[in-house]
Structure formats: structure tokens, C-alpha cells
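One point on numbering: in my numbering, the residue at position 375 of the sequence shown is 362, and numbering is uninterrupted. Glycine included, C-beta positions come from ideal geometry on N, C-alpha and C. Remember, it's a predicted structure, so these values are computed and weren't measured experimentally. Structure first, commentary second.
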Amino acid sequence: MKPIALVLVCLLIGSAAGYGIAYRDASLPNHFGPVTDPELGWKSIPISEDAPKAVVEGGSVFVFGRMELNSVGKHTFVVKNEGKGMLELTMEGTTCKCTMADLKEGDTLKVAPGESTDIKLEWRPKSYAEEFAQTARIGTNDPRNSLLELRITGSVVQAIVLDPSEVRFTNLSAGETRKAATKVLSYKEESFEIEDVNVTGDQAELLSATHRPLTEEELEQSNGALAGYLMEVEVKPGLPLGTNRHTIVAHTSSEFAPELEIPVTSFIVGDISVIAVKKYDRDKSVLYLNKLKKAEGASTKLFLIVKGPHRDSVSVKVDETFPAFMEVEVGEPESINNGSVRKFPVSINIPAGVPEGNYLGPERKDLGKIALSVEGHPEITEVNIGVYFSVE
-12 MKPIALVLVC LLIGSAAGYG IAYRDASLPN HFGPVTDPEL GWKSIPISED APKAVVEGGS
48 VFVFGRMELN SVGKHTFVVK NEGKGMLELT MEGTTCKCTM ADLKEGDTLK VAPGESTDIK
108 LEWRPKSYAE EFAQTARIGT NDPRNSLLEL RITGSVVQAI VLDPSEVRFT NLSAGETRKA
168 ATKVLSYKEE SFEIEDVNVT GDQAELLSAT HRPLTEEELE QSNGALAGYL MEVEVKPGLP
228 LGTNRHTIVA HTSSEFAPEL EIPVTSFIVG DISVIAVKKY DRDKSVLYLN KLKKAEGAST
288 KLFLIVKGPH RDSVSVKVDE TFPAFMEVEV GEPESINNGS VRKFPVSINI PAGVPEGNYL
348 GPERKDLGKI ALSVEGHPEI TEVNIGVYFS VE
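Pasting the structure below:
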């Protein structure tokens, strides 16, 4: 038989066999029961009379309208138990800050029949967007609705502009007082006003913020702004060496930004600096040890370099370490550069076998910490070093 004819015969035999199998399967009864029978609908699941019932008052979607990029959005959803059983709520995940009776993810909140609880959402847009949305997923033991998805939607507009986008102090001496400013410009509301301001962050009492309306001449130089303020920030001596981050929270009359956040960054330099064997970020004052193996631990060194007229009277000691298992020791100083500089060695040891943990941030409060107390210097009293690492 010729090859082409043989191929055609095989194709015919295969098609016939496939048709026969399909006809057989279609004619057989469904052995998986009525629920999976395509000709029968899904049967409804019986609900106990004692079951809880989760109801989001006013709906699970909140449309906030329009808001400014630098502002903070807040909304409270109210969840009521309209059933007869105890309602249990758990936080399953969120794309924004979600507060549920001060519970953390994995905890359970119980709501009695007829009672309600507040679930507060807070969000901070990171970019302009015509369609902006954030969600919080709340698990329930309501058999009708095992997952509540609370959703906020709206748009992020450019109504308020910061010029420059942050207040920044670079190479600020430890004993120096300095001022810097930014303009807060309104491009959509001529009646825009800043009502009050406050500074947040560690040692916020060392910063003060004042504001005044821009003059007509200043507004004319602001590319069409309808209203605006000059926000001036003063930093006083006392902040630790390295990078310090604070936030000015301004309450305004704007419908787009009733609460406006203005970032403040200050980099403090002085007679004391840090160098390290491992990677050290001078701007952030962070030592990077990265991922460590529990069975091995890690050791490294850094050095405090002390110069200036007070170098010979300076002493350094360990004030605090976090986590507590991190061993830090300050050694005897050494004079270098013909006595113009003193170098203090600082040994850091993370022993093998310590508990597993994650100290990788993203915020500084989530990092490990070494706090060194400084005596004998009129302006510098401490050196704080963040430690970026995990134990696995």
C-alpha cells in the first residue's frame, strides 16, 4: 500500500474510534450525582436559623470622589451582625491600612447578634490616577458570605502641588539651626487655606513649622496657582547623625486634600562618622548584613571616626541593641592621622542558634538597632545605626 493511502486509512480509523467513544460517554448516566448534572441546577445549601449574618451598612463600596496625591484618605465601614449566631471576622488581606478593633492579621473579632463593629480604612495615593481603588478582605463565618471585600474608589488629581516636593536639609551640622521651605500651591481652589500644622516623627520637638499665605507677586511666579502658602521648617540641634525623616501634617480647607502630608528629610553630619567592613549606607545610617543562616550566625565590625576639638574627651558606650540577642561591644579607641582623629572599633556579633526573625524593614522601626551613647561632646549625645538582616 502506498504511504499516502496508508495515512488516509489511519485517519479514518482514528476519527471513527473517537466518534464512538464520544457517543458512548454522552449516552452514559452521570455517576457524580445531581449537583454536577449539567441539566440540573445547583441545590441551595440549607442555612441554620442560628447562623450569623454579616451586613455592611451602606454597602461595601465607598466612592470618595477626587483627592490630591499628597493627602490621606479615610473611611469607616460598619459591619453589623443581623443573624442569630456569633459573627466572627478575620482580616485576610488589604492593599491599604486597615484597622479592625486593633486586631492584627490572623486575629478573630467576634460580633454578637444585633451588634456592629467599625472597620477603618486609610490610604495614601502614590501617583496620579483617573481610576484609583484599594480593598480590604475580611473573612467571616457567615455561610452566605464567607468573604467581605470592602472597596474604596475614586480618582487622584493634581489639585495641590508642593514646590519643591519635600523639605530637605543636607549636610546639616549637629549643632546647627537651619530653616528650609516649600510652597503649597492650589490649582483648583482659590479659597484654599491651611488651618493648622504639626510635625510627626522621632524627636519631632526639634522641628517647628510655620506657614503664611503667598503674596500676589509670589503667586504670579507659580505658573497659574490660584492660592498658596509658604511652609517654613526650622531644625534645631539634637537630631542623631545620619538621615532623619519627619512629616508635616497640614489640615486644610481643600476638598481634595483635607489632610496634607509634607515630607521632611534632614541629613545630620558632625565630628563623628561611621565606616564599616560590611555595606553601610551613610545617608540612611543602616548597616546591611542581609540574610543570615540560623546555624551559622555572623560577625562584623564598624568604626566610629571622631574628629574636631572635642575628640580626646569623647567616650562611647552601648546604650541599646535590638533584637536583644545582637551582641555589640565598643573597643578601646586608637589615635590616627597624627592624633587628629580617634577611631573607636565596634564589634557586632549575632550568635549561631538565635531565634528566626525578619528585620528587613521596610520602615526603620522594623530594622535591628544599635544605639551608642556619646559622652564628652557638647552637640552629639548618641549615634543610632539601623541593622538590615534576617535569620533563617
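Between which residues of its own chain and residue i is the CB-CB distance below 8 Å, once the five residues before and five after are set aside?
i	result
Gly348	Leu354, Tyr375
Ile8	Low per-residue confidence applies at Ile8: pLDDT is 43, beneath 50, and the placement is therefore not dependable, though the value from the model is reported in the following sentence. Closer than 8 Å at Cβ, skipping near neighbours: no residue.
Pro245	Ser58, His238, Thr239
Ser114	Leu56, Val143
Asp306	Ala358, Leu359, Ser360, Glu369
Lys356	Glu307, Thr308, Phe309, Asn371, Ile372, Gly373, Val374
Using only alpha-carbon positions, find the residue among the options that is nearest to residue i.
i	options	result
Asn132	Ala214, Lys271, Asn68	Asn68
Phe346	Ala244, Thr308, Ala116, Arg199	Rather than Phe, the amino acid found at residue 346 in this sequence is Tyr. Tyr346 has its Cα closest to that of Thr308, out of Ala244, Thr308, Ala116, Arg199.
Ile292	Val48, Val328, Ser240, Leu193	Val328
His238	Ser58, Glu136, Gly45	Ser58
Gly45	Gly52, Glu55, Thr63	Thr63
Val184	Phe331, Pro365, Leu247	Leu247
Phe156	Phe254, Ser260, Val378, Val305	Phe254
Asp299	Met313, Asn325, Ser195	Asn325
Asp150	Pro224, Lys330, Thr81, Ala167	Ala167
Ser322	Ala282, Gly295, Ala196	Gly295
Lys330	Leu276, Ala263, Ala311	Ala263
Gly60	Thr82, Arg111, Thr95	Arg111
Ile259	Gly229, Ala99, Thr187	Gly229
Leu108	Val65, Ala339, Ala41	Val65
Mind checking whether residue i and residue j have CB atoms under 8 Å apart?
i	j	result
Ser142	Leu172	no
Leu289	Val361	no
Leu274	Lys265	yes
Ile337	Gly257	no
Val303	Val317	yes
Leu201	Leu217	yes
Val315	Val341	no
Gly215	Lys170	yes
Leu159	Val261	no
His198	His297	no
Asp94	Thr81	no
Going by beta carbon distance, what residues of the same chain come within less than 6 Å of residue i, once the five residues before and after it are set aside?
i	result
Arg351	Gly373
Asn371	Pro227, Ala358
Lys97	Met73, Glu75
Phe49	His62, Ile139
Cys(-3)	Unreliable positioning characterises Cys(-3) in this predicted model, as indicated by a pLDDT of 48, which lies under 50. A coordinate reading is not provided.
Beta-carbon within less than 7 Å of residue i's beta-carbon, same chain only, minus the 5 sequence neighbours each way: which residues are those?
i	result
Ala212	Leu172, Ser173, Tyr174, Leu206
Glu136	Ser47, Thr122, Arg124
Ala191	His233
Just checking my contact of residue i with residue j at CB under 8 Å: how many whole Å lie between their CB atoms?
i	j	result
Val385	Ile249	This structure does not reach residue 385, given that the chain is present from -12 up to 379, and the question cannot be answered.
Gly344	Pro310	6 Å
Val186	Ile235	6 Å
Counting beta carbon pairs with one atom in the stretch 37 to 47 and one in the stretch 81 to 88, are three or more of them shorter than 8 Å? no
Counting Cβ pairs, one atom from each stretch, are 3 or more of them under 8 Å apart for the stretch 119 to 134 and the stretch 72 to 80? yes
Please determine if the stretch 99 to 106 and the stretch 48 to 55 are in contact, where contact requires at least 3 C-beta pairs separated by less than 8 Å. no
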